[in-house]
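Peer 1: Per our numbering, the very first residue in the sequence shown carries number 1; after that it's consecutive. Where a beta carbon is used, it is the ideal one built from N, C-alpha and C, also for glycine. Just dropping this structure here.
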Amino acid sequence: MSSVLKLYTALEEKLGKETAKVITEAIEELTKEKKSELKTELKEELAKELATKQDIYELKLEIEGVKSEIEKVRKDLERKIEETKTEILKWFIGLFISLVIFLIGWSWTLVKIVEQK
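Spelled out as structure tokens, the structure:
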């Protein structure tokens, strides 16, 4: 037995058929109105919370922008790494040549010292 029917039956016994019917119908109408209001409020709250297609589109654009920035940074880092490799190689070659010259000079000096003795 539904709540409205139970209420109608209880009111009918105490207040009579007509009064019970009027009160029950009024309560039903108020319940329907309140239910409708709650549905509307719930829809509005959900609309605020849920991402719309526009929100998703904007987020995708933002992600693409971030990906583009990451790609630029990656390329810049690769370029700097290559420059650093080249710079290190230059220094290595320069130091190697200096070491060879030093060793030749040192060897030549040793030979001269040994020849003098």
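Looking only at its own chain, which residues have a Cβ that is under 6 Å from the Cβ of L99, when we skip the five neighbours before and after it?
Peer 2: Correct list: empty, nothing qualifies.
Peer 1: Please name the residue in I97, E29, S107, G16 whose C-alpha comes closest to that of V4.
Peer 2: Comparing Cα positions, the closest option is E29.
Peer 1: Is it right to say Y57 is buried, meaning 16 or more other beta carbons lie within 10 angstroms of its own, or is it exposed?
Peer 2: Exposed, because fewer than 16 other Cβ atoms sit within 10 Å of the Cβ of Y57.
Peer 1: Report, in whole angstroms, the separation of the C-beta atoms of E24 and L11, which I expect to be a contact under 8 Å.
Peer 2: It should be pointed out that residue 24 corresponds to Thr in this sequence rather than to Glu. About 7 Å; that satisfies the 8 Å criterion.
Peer 1: Measure the Cβ-Cβ separation of Y8 and A20 and say whether it is below 9 Å.
Peer 2: Yes, Cβ-Cβ distance for Y8 and A20 is below 9 Å.
Peer 1: How many Å lie between F92 and I113 at the Cα?
Peer 2: Approximately 31 Å between the Cα atoms of the pair.
Peer 1: Quick one: what does DSSP say K117 is sitting in, helix, strand or coil?
Peer 2: Looking at K117 - three-state DSSP - the assignment turns out to be coil, as it is neither helix nor strand.
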